[in-house]
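Residue numbers (our numbering): 14 to 556. Glycine is no exception: its CB is placed at the ideal position from the N, C-alpha and C atoms. Read through the structure below, which is laid out as structure tokens, and then see the notes.
Laid out in structure tokens, this is it:
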């Protein structure tokens, strides 16, 4: 007999959150709460598996597992959901008699690099084993925000972690209060937050299960055959069954687009280096041309062929490579000169046109890139990081002024920190980038390595720390026919899947091509026509 009704499934799809009252019996909650209080008094150490205590694990009843099964569907449900995790909110020192309005300043979506289609976990079930009163550390959430985030990510894949975006997309705001045993189920990109416990002298506990999916939630099944979690993450379902207007990008006329995809794109003057970024529904292409090495040329297009040139970005010196990293409302630009062995850093914020850049400073390096991690992605580099090389070794530089959290680019540039991130293999490092492959658990370092007169892309997958690659072997990242590529740039991501742009040498110089990388079998698959591009769009959530 199903536990969830058709209305429950529909509410979860539309709201990204489902509340189930009394799912777990109160006697099980009381026993679990006693154990959680006991553990809290003793203190919790990193790595402690609180969910392994039988009293806590007992909260994951057969009914809880059945609810997860019903949402995930037969193909995605688990034989074993594993041990739960637990979080506690202690009471504040100065309790208040009257509850304040919910504090929404901490609203966010999880994952360092959220995507339209989940790349790590896809939903979370949270049990509250103790009553939660208003102002008592309740769960704060915004119903329907998962759809607003998906539409935002479709237009600006790197905007989701902007605090300003979070506040804009997260409305209305709700505070979850409950009796013991009440449960919340949430989408992976629902805007939510914890809150301080101002009114309850007892700690607020929650115990959660976060199922992941071994495969992408993208499916070729008919819409009505999708499981509930697949519908929650299907843009076509929202368009066709709920009637929402989703901002799908327009590729353009295939007769005009297909030749560009098949033969590559090249502006007058050629390309020595580039970046391609999607922002506010616009494709922004930044180009260094051999004949204009002191300017970054800017091209924009809404489609995939009709690029219009805009005012260029003036540089401090003639340069060979560029790398742009976007995170939230801020973008950072590294421009490197191999001859001078200098990399200049620039930054822009709240700039939709991506045209006005502030100069931050320079470092001695022939190639450089920036990235940022939480402690989940890299314990060694919690915060933003500069990766650079002055030859054959890749180093990373942190801001040492804020232990455990790097926040100042000025301090970072002045820093003498130069810990080795990759020991190298004797080849010159001509360029690099890092991006997530799967949630916060797997990253790929992609470098252009020079061997004699030949330069080509190579990759290393992280294992345990996204910023430290030690002496791992760099493997060739090539096309299926073995042809080399250069300057791989991530346009959008799916689960273990990148939609990319890259350079390939042709008879008339470097040309820009589109392709994909399936990290289960790492190689570059070229996109030769509009149909290929449509298929890639589906994998990353643009269809």
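When the beta-carbon positions are compared, residue 408 and residue 432 come within less than 8 Å of each other. Around the Cβ of residue 131, a 10 Å sphere holds 16 or more other Cβ atoms; the residue is buried.
Listed in chain order, the beta strand (DSSP E) runs fully inside the stretch 226 to 307 are 286 to 292, 295 to 302, counting runs of at least 3 residues. In the pairwise beta carbon analysis, the stretch 163 to 172 is classified as touching the stretch 289 to 306: at least three pairs are separated by under 8 Å. Residue 508 places its beta carbon 8 Å or farther from that of residue 201.
If you draw a straight line from the Cα of residue 489 to the Cα of residue 470, it comes to about 6 Å.
Within the same chain, Cβ atoms closer than 7 Å to the Cβ of residue 350 are found at 330, 331, 332, 333, the five residues on either side in sequence being excluded.
Apart from sequence neighbours up to five positions away, the residues of its chain that approach residue 551 with a beta-carbon distance below 7 Å are 231, ordered along the chain.
Judged by DSSP secondary structure, residue 543 falls outside any beta strand (DSSP E) and instead within the alpha helix (DSSP H) spanning 543 to 553.
Taking a contact as a CB-CB distance under 8 Å, the pair residue 267 and residue 99 does not count as one, their CB atoms being some 53 Å apart. When the five nearest sequence neighbours on each side are left out, the beta carbons in the same chain lying within less than 6 Å of the beta carbon of residue 460 are those of 442, 445, 471, in order along the chain.
Taking one beta carbon from each stretch, the stretch 186 to 199 and the stretch 160 to 168 have fewer than 3 pairs nearer than 8 Å; the two do not touch. Rounded to the nearest angstrom, the gap between the Cα atoms of residue 425 and residue 410 is 7 Å.
Per DSSP, residue 159 has no beta-bridge partner at all. Within the stretch 353 to 412, the complete beta strand (DSSP E) segments of 3 residues or longer fall at 355 to 362, 371 to 377, 380 to 386, 396 to 402, 407 to 410, listed in chain order.
If the five residues before and after residue 383 are omitted, its C-beta is found closer than 8 Å to the C-beta atoms of 336, 338, 345, 347, 358, 397, 398, 399, 400, all from its own chain and listed in chain order. Listed in chain order, the beta strand (DSSP E) elements of length 3 or more contained wholly in the stretch 451 to 517 are 455 to 464, 467 to 474, 499 to 507. With 16 or more neighbouring CB atoms inside 10 Å of its own CB, residue 506 falls in the buried class. Annotation note: the stretch 18 to 76 contains the following uninterrupted alpha helix (DSSP H) runs of length 4 or greater, listed N- to C-terminal: 19 to 28, 39 to 55, 67 to 70. Counting along the chain, the unbroken alpha helix (DSSP H) around residue 425 starts and ends at 422 to 427.
The beta carbon of residue 304 lies closer than 8 Å to those of 282, 283 in the same chain, with the five residues before and after it left out. In the displayed model, residue 122 falls within coil according to three-state DSSP, outside both helix and strand. Assignment of residue 129 by DSSP, reduced to helix, strand and coil, places it in the coil class. Under the three-state reduction of DSSP output, residue 336 falls in the strand class.
Within the DSSP bridge table, the entry for residue 101 names 218 as partners. Bounds of the beta strand (DSSP E) holding residue 152 are 152 to 154.
Contact between residue 146 and residue 190 is confirmed by a C-beta separation of about 6 Å, below the 8 Å threshold. Distance from the CA of residue 83 to the CA of residue 366, rounded to the nearest whole angstrom, comes to 45 Å.
In the DSSP secondary-structure assignment, residue 441 is bridged to 463.
Within 10 angstroms of the beta-carbon of residue 19 lie fewer than 16 other beta-carbons, which makes it exposed. Partner residues in the beta bridge of residue 349, as assigned by DSSP, are 334, 356. Residue 480 is a Cβ neighbour of residue 391, given a cutoff of 8 Å. Non-local C-beta neighbours of residue 454 in its own chain, meaning closer than 7 Å and more than five positions away in sequence, comprise 133, ordered along the chain. The three-state reading of DSSP puts residue 81 in helix, counting H, G and I together. For residue 213, the closest alpha carbon among the candidates 247, 274, 204, 150 is that of 150.
Taking C-beta separations shorter than 8 Å and ignoring five residues to either side along the sequence, the partners of residue 62 in its chain run 96, following chain order.
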